[in-house]
Amino acid sequence: MNEYATGWQRRSFTDSAAFSLAYDPDHPRLAGQLRDRLLHGAGFALVTGVPVRKGTKADAQRLGESMLSPLGELLPQGRDTDKTLGWLVQDEGVSAHTDDRRFHETAYTSKSRGHLQLHNDRAVTPFGHEPDFIALLAHRKALRGGASVLVDGLTVHRILSEQHPRELALLHTPFAFDRRHVTPPGQSPVVHGPVFERMDGRLRLRCNTTRMRTASELTGDQLSPDRRAALDALTQVLARPDLAITIELDEGDCLVIDDRRILHGRTTYQDHPEPSRRRCLVRMMLKQHDTPPND
Numbered sequence: 198m199n200e201y202a203t204g205w206q207r208r209s210f211t212d213s214a215a216f217s218l219a220y221d222p223d224h225p226r227l228a229g230q231l232r233d234r235l236l237h238g239a240g241f242a243l244v245t246g247v248p249v250r251k252g253t254k255a256d257a258q259r260l261g262e263s264m265l266s267p268l269g270e271l272l273p274q275g276r277d278t279d280k281t282l283g284w285l286v287q288d289e290g291v292s293a294h295t296d297d298r299r300f301h302e303t304a305y306t307s308k309s310r311g312h313l314q315l316h317n318d319r320a321v322t323p324f325g326h327e328p329d330f331i332a333l334l335a336h337r338k339a340l341r342g343g344a345s346v347l348v349d350g351l352t353v354h355r356i357l358s359e360q361h362p363r364e365l366a367l368l369h370t371p372f373a374f375d376r377r378h379v380t381p382p383g384q385s386p387v388v389h390g391p392v393f394e395r396m397d398g399r400l401r402l403r404c405n406t407t408r409m410r411t412a413s414e415l416t417g418d419q420l421s422p423d424r425r426a427a428l429d430a431l432t433q434v435l436a437r438p439d440l441a442i443t444i445e446l447d448e449g450d451c452l453v454i455d456d457r458r459i460l461h462g463r464t465t466y467q468d469h470p471e472p473s474r475r476r477c478l479v480r481m482m483l484k485q486h487d488t489p490p491n492d
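In this text, residue positions in the sequence shown follow my numbering: the first is 198, and each later residue adds one.
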């Protein structure tokens, strides 16, 4: 059995070699290696040495799309005229909070320099999609900070089953999620789904605790005390420092995540003063291709 099949935590990895893959210009072959790591390994992989340093942002977008298209169908991100396959994660002056320190529900928090809480993207069905995989290709890195933080949803589920079984049972029932920032035109700003569910023999998750709490502003339904306790238990487990690994993405690193299993976040960062050196990642969302017969 794969050593990560039942979950992992920080001590599971002695160094990055355990989850790293060298870039291979044979993109179908690289996709096969990634698929194995995502579906039968730790649920994520770090591709190193992607040749993007000398190119522009547009070059990085094109290479990222070419590299990952054998792994899955690239999903469009954004609304109307700003739709793109390679979303630029960079500081554009956005804040996750309003002037009165209230959470800014409609903000693209990826366009900020702030801390991003642990979450997975499929929780809010961004732009009408449920991505299977998320990829972050680093074109430029920050002066300081901006590390990716990962937690394994399988481990979170196991801890909840051992320490908070009543709350876990409620987390297997549907919750509302606020998706005002990624609502497709004409669709509801709220989506519903369980935090944990079994699908095709695998445990899947949807998690964004902040947007689970703000959803009540849209639905008008306040969380009952027992459901609030379930959300508090989930928040408490996610905050455990022994569960998370932190990965500093260098230029040319591409972090690929099974978004149905792995939660990701980001530390705050300080950027370079020169615009050409400022932190920029290319984010791609993918729907998994049918597994090839010989895979």
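For every residue, glycine included, the Cβ atom is placed at its ideal position computed from N, Cα and C. Please read these numbers as outputs of a predicted model, since none were measured by experiment.
Check	Outcome
Can you check which of these residues, L236, E394, D221, T464, is closest to A202 by C-alpha distance?	L236
Can you find the residues in the same chain that come closer than 7 Å, C-beta to C-beta, to L340, ignoring five residues on each side of it along the sequence?	Q467, D468, H469
Would you identify the three-state DSSP class for G383, choosing helix, strand or coil?	coil
Does the Cβ-Cβ distance between P386 and M482 come in under 7 Å?	no
Going by DSSP in three states, Q360 sits in which element: helix, strand or coil?	helix
Just how far apart, CA to CA, sit Q433 and G290?	30 Å
Check the C-beta distance from C404 over to L446 and give it rounded, since I have them as a contact under 8 Å.	That belief does not hold up - the Cβ atoms of C404 and L446 are roughly 22 Å apart, past 8 Å.
Which of helix, strand or coil does DSSP assign to L271?	strand
Use the C-beta contact count for S307: other C-beta atoms within 10 angstroms, 16 or more gives buried, fewer gives exposed.	buried
Taking just the CA atoms, how far does D318 sit from P371?	17 Å
Just confirm the distance between the C-beta atoms of L478 and L271, as a whole number of angstroms; I'd bet it's less than 8 Å.	About 16 Å; that fails the 8 Å criterion.
Put A219 into one of helix, strand or coil per three-state DSSP.	strand
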